[in-house]
Every structure is written in C-alpha cells, then in structure tokens.
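Residue numbers (our numbering): 31 to 411. We put the CB at the ideal spot given by N, CA and C, even for glycine. Just so you know, these numbers come straight off a predicted model, no measurement behind them.
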C-alpha cells in the first residue's frame, strides 16, 4: 500500500520520510559505522555523529556550549529517562502530558490541573512548587492530541523562582512553531525525528551541562556515560537532515497548514453548527484540529474514514492501536459523551485543499447519515 492511495491526515502520529532525508541516509546505509570503534570506519562514524549534532544545534539556534545532545531510540525513551534520572526530586507534571510522562508509577509525583482550554493552572503549579522545593517540572510546549500551546516562558519564570528544573516535551512543536531556546532557557527537552519527516527509531534529549541526571541505560560508556549502546549513525544523519528541512520550511509550513485548517473548520461549522474544535480559543500549532462530531462515536468516524481511504486518528498514537478514553480531554473537563466523539486531524505540506475538501465531504456524510438514522428511529418509535 502506498501513502498516495490515501489522504493522510495523521501527521502528529508520524510523517512520511522526506526525500532529502532518505537520500542522506541511503548514502551511508552500506558502510560499517560504529562510532565506538578505533579503526578508520569508527573514526569516520564519530565525525559523522558529531557533525549531525552540530547541524541540529545550528538549525535550531541552540548554544552547543550549553547542552549535551544525547540521541535516544524514541521520544518515549527520552521522557522516561527524564523521570527516572532524578530519583530524589519530586516530579510536577502537567495532567495533559504525553503518556510516556504519565504512566510511570511515580511515587513522588504531582499532576497539575489545566483549565477548559487546556492551559496550565498557574495557581496550582505555584502551590506545588512552594511545597516541593527543587522539584522537576515537565510541561510539553504543544499537546499531541489538541495542538494547544502552553505559555512555557511564564512556566519557566515560576520554576526559576522556586529552584526547580524544567523539562519540556517539544516533539509536536519542533518544525511547527518558532522556538526561542535562549528565551525559554529549558533545563531539558525532548525532540523526535519521525514527526518532522525523519526516520522512526531516533529522538534526542537535550540536557543542560552540569545537570546531575542518572543514566537510564548503562553499559559501554557511550555519550559521556549518560546513555550506553551503539550510536545510530545513519538515523542521526537522517535526523539532522529532517531538522534542517523542517526549519527551512517553517514559515511556508505554518501558512499552508493554518490556511487548510481554518478552511476546514469554517466549512465544518457551516455543515454542522454544533461541531466543536478543542482549543480553538487559545494558541494551537497550525496543523492540528481536534473535532467533536455531535452524537457520532470515534469508532464510527474512524471506520468510515478508513473505508473512504482517509487516515485520521482518535488522538494519541501511543495506545497499542487501541481507542481509549483521552486523559487530555478528561483533564480539560470535556464531557465524556463529547470526548468519545472527538477525532484528530493533523496536516502537513504534502496535503492540499482537495484533500481537505474530500475530508469535509466524508465528515459531512458521516454526520448526516448518523443523524438521519437517529431521526428515522425516533419516527418509528
């Protein structure tokens, strides 16, 4: 099956490999590169890894003297490492974080409330910071389900006030919004390749130098002893290329996706004035829309979309292929009957207006057919 057979509107789950990324990786694919080896191939591999890191720092305009960049196998690994790397510190976590930061059986953890728009409750955050001096705070910049953007600079000001470390999961933000890393001054942050046209199987954790984090994986002493294991040279090159492409395309991406999303939401409201878009009243990343269709379940919508060769999702893709209730919408106090009817649309540069028109038509047909059936059932009764 080819992506071209479908209208793909699930880019927050993963993105197709960018052509430039594929080309950069193919050039290295047949070479025996292990950066830990002392022979010529090993030395060359080390140069390639360090060049890839330098290019990522440069593309994101991050001071390389300020952070260590450690490649990991996924954003989930990086986030788990953050939680387990500071065993003594109390963890203060947003209640709408990715599941990799929620499902860790943490003994010392406090979860911060959000409002109806998904924005952090600052009074609750400050209360927890006062009670847990020197804590580790984790708040994502952009939510993977709703696209809602948190006021991270304001959160950073509070964490500094109380001597807490701040980690942010930037997986859904990189390549979608401009980020001033000097202004945010984060202690740790996570990014991932496959959300921006890079390969699956590589992500990165940036760690402020002199931060006392314990390793998650121990063994050969790679990465300054912080993460053991053979470094993935080919994927590192793909990652750096994906970052460069995403940053170079950022302005075009933002305009293109925002125009498509705004058109889609406007047309859906014309079809169904009762439809709702989660987070529409606050800042969102430009490619994402979480849509509530009145009285029609996620399952019905997803099956119908798939039969019409349109790929969308019910939210996070990290639930073993199962549709489960959204902790994000629950934290936002969205009624359960509405939350069960929400699907996520996430676009990219390879989508066009024809894709969106097709989606709108199918969405409208699902809605009209469901409501027609309900009306007929009531008439029969």
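Problem set entry | Where residue 98 falls: helix, strand or coil (DSSP) | Counted from its first residue, the chain shown places residue 98 at position 68. Residue 98 sits in a strand when the DSSP states are folded into three classes.
Exercise. Would you report the Cα separation of residue 334 and residue 92, rounded to the nearest angstrom?
Worked result: Reading the chain shown from its first residue, position 304 is the one you call residue 334. Reading the chain shown from its first residue, position 62 is the one you call residue 92. If you draw a straight line from the Cα of residue 334 to the Cα of residue 92, it is about 44 Å long.
Exercise. Sorted by chain position, which residues of the same chain lie with C-beta nearer than 6 Å to residue 50's C-beta, five sequence neighbours on each side aside?
Worked result: For the purposes of this step, residue 50 is identified with residue 20 of the chain shown, where counting begins at 1. Once the five neighbours on either side are set aside, the close Cβ partners of residue 50 are 271 and 275.
Exercise. So the beta strand (DSSP E) residue 140 belongs to, where does it begin and stop?
Worked result: Here residue 140 refers to the residue found at position 110 when the chain shown is read from its first residue. Taken as a continuous stretch (DSSP letters only), the beta strand (DSSP E) holding residue 140 covers 139 to 142.
For this session: Determine the contact status of residue 341 and residue 36, defining contact as a CB-CB distance below 7 Å.
Result: Mapped onto the chain shown, residue 341 falls at position 311. Mapped onto the chain shown, residue 36 falls at position 6. For the pair residue 341 and residue 36, the CB atoms are nearer than the 7 Å cut-off.
Exercise. CA-CA distance, residue 48 and residue 265?
Worked result: In the chain shown, counting from the first residue as 1, residue 48 sits at position 18. In the chain shown, counting from the first residue as 1, residue 265 sits at position 235. Here the alpha carbon of residue 48 sits roughly 13 Å from the alpha carbon of residue 265.
Exercise. Can you give the beta carbon distance from residue 45 to residue 190, rounded, assuming they're within the 8 Å contact cut?
Worked result: Numbered from its first residue, the chain shown carries residue 45 at position 15. Numbered from its first residue, the chain shown carries residue 190 at position 160. That belief does not hold up - the Cβ atoms of residue 45 and residue 190 are roughly 34 Å apart, past 8 Å.
Exercise. Looking at residue 199 and residue 278, is the spacing between their C-beta atoms short of 7 Å?
Worked result: Start at 1 with the first residue of the chain shown, and residue 278 comes out as number 248. Start at 1 with the first residue of the chain shown, and residue 199 comes out as number 169. Not in contact: residue 278 and residue 199 (Cβ atoms no closer than 7 Å).
For this session: Pair every Cβ in the segment 355 to 374 with every Cβ in the segment 140 to 149, then say whether three or more of these pairs are closer than 8 Å.
Result: Because the criterion of three Cβ pairs below 8 Å is met, the segment 355 to 374 and the segment 140 to 149 touch.
Exercise. Sorted by chain position, which residues of the same chain lie with C-beta nearer than 8 Å to residue 370's C-beta, five sequence neighbours on each side aside?
Worked result: The residue labelled residue 370 in the question sits at position 340 within the chain shown. Beyond the five residues adjoining it in sequence on each side, residue 370 comes within less than 8 Å, by CB distance, of 327, 328 and 355 in the same chain, given in chain order.
Problem set entry | residue 154 - DSSP class collapsed to helix/strand/coil | Along the chain shown, one-based indexing puts residue 154 at 124. In the structure shown, residue 154 sits in a helix (DSSP, three-state: H, G or I).
Exercise. Under the DSSP definition of a beta bridge, which residues are partnered with residue 38?
Worked result: Within the chain shown, residue 38 is the residue found at index 8, counting from 1. Note: residue 38 sits in a beta bridge opposite 341.
Exercise. Among 101, 120, 67 and 39, which residue has its Cα nearest to the Cα of residue 193?
Worked result: Along the chain shown, read from residue 1 onward, the residue named residue 193 stands at position 163. Across the set 101, 120, 67 and 39, the C-alpha of 120 shows the shortest separation from the C-alpha of residue 193.
Exercise. Secondary structure at residue 209, three-state DSSP: helix, strand or coil?
Worked result: Mapped onto the chain shown, residue 209 falls at position 179. Residue state, collapsed to three classes: coil.
Exercise. In terms of alpha-carbon separation, which member of 331, 368 and 273 lies closest to residue 221?
Worked result: Working through the chain shown from its first residue, we reach residue 221 at position 191. Residue 221 has its Cα closest to that of 273, out of 331, 368 and 273.
For this session: Leaving aside the five residues before and after residue 280 along the sequence, list all residues of the same chain whose C-beta is less than 7 Å from its C-beta, in chain order.
Result: For this step, residue 280 is matched to residue 250 along the chain shown. Cβ-Cβ distances below 7 Å link residue 280 to 205 and 208 in the same chain, with the five nearest sequence neighbours on each side left out; the list follows chain order.
Problem set entry | C-beta contact flag for residue 373 and residue 331 at 7 Å | Here the question's residue 373 lines up with position 343 in the chain shown. Here the question's residue 331 lines up with position 301 in the chain shown. Their beta carbons are under 7 Å apart, which means residue 373 touches residue 331 by this criterion.
Exercise. Using CA coordinates, which residue listed in 398, 263, 384 and 303 is at the minimum distance from residue 75?
Worked result: Stepping through the chain shown from its first residue, residue 75 is reached at position 45. When each option's Cα is compared against that of residue 75, the closest is 263.
Problem set entry | Beta carbon of residue 185 nearer than 7 Å to that of residue 313 | Taking the chain shown and counting its residues from 1, the one referred to as residue 185 is at position 155. Taking the chain shown and counting its residues from 1, the one referred to as residue 313 is at position 283. Taking the C-beta atoms as reference points, residue 313 is found no nearer than 7 Å to residue 185.
For this session: Using three-state DSSP, classify residue 385 as helix, strand or coil.
Result: Mapped onto the chain shown, residue 385 falls at position 355. Residue state, collapsed to three classes: helix.
Exercise. What number of angstroms, rounded off, separates the C-alpha of residue 298 from the C-alpha of residue 390?
Worked result: Walking along the chain shown from the start, residue 298 turns up at place 268. Walking along the chain shown from the start, residue 390 turns up at place 360. Rounded to whole angstroms, the gap between the alpha carbons of residue 298 and residue 390 is 7 Å.
Exercise. Can you name the start and end residues of the beta strand (DSSP E) that residue 322 belongs to?
Worked result: Within the chain shown, residue 322 is the residue found at index 292, counting from 1. 318 to 322 is the span of the beta strand (DSSP E), which, as asked, contains residue 322.
Problem set entry | Buried versus exposed call for residue 90 [16 or more other C-beta atoms within 10 Å across all chains shown] | Taking the chain shown and counting its residues from 1, one reaches residue 90 at position 60. Residue 90 is classed as buried because its beta carbon has at least 16 other beta carbons within 10 Å across all chains shown.
For this session: Enumerate, from N- to C-terminal direction, the unbroken alpha helix (DSSP H) stretches of 4 or more residues contained entirely within the segment 188 to 268.
Result: Qualifying alpha helix (DSSP H) stretches, in chain order: 211 to 214.
Problem set entry | residue 268 beta carbon less than 7 Å from that of residue 228 | Within the chain shown, numbered from 1, the residue matching residue 228 stands at position 198. Within the chain shown, numbered from 1, the residue matching residue 268 stands at position 238. Less than 7 Å separates the beta-carbon of residue 228 from that of residue 268.
Exercise. Does the beta-carbon distance from residue 238 to residue 100 come in below 7 Å?
Worked result: For the purposes of this step, residue 238 is taken as residue 208 along the chain shown, with counting starting at 1. For the purposes of this step, residue 100 is taken as residue 70 along the chain shown, with counting starting at 1. No, they are not a contact pair.
Exercise. From 125, 235, 162 and 254, pick the residue whose C-alpha is nearest to that of residue 173; which is it?
Worked result: For this step, residue 173 is matched to residue 143 along the chain shown. The candidate whose alpha carbon is nearest that of residue 173 is 125.
Exercise. Considering only residues of the same chain and omitting the five flanking positions on each side of residue 380, which have a CB-CB separation below 8 Å?
Worked result: Start at 1 with the first residue of the chain shown, and residue 380 comes out as number 350. Beyond the five residues adjoining it in sequence on each side, residue 380 comes within less than 8 Å, by CB distance, of 38 and 46 in the same chain, given in chain order.
Exercise. Quick one: complete beta strand (DSSP E) runs, 3+ long, within the segment 32 to 86?
Worked result: Taking 3 residues as the minimum length, the segment 32 to 86 contains no beta strand (DSSP E) run wholly inside it.
Exercise. When DSSP builds the beta bridges, which residues end up paired with residue 306?
Worked result: Along the chain shown, read from residue 1 onward, the residue named residue 306 stands at position 276. 322, per the DSSP bridge assignment.
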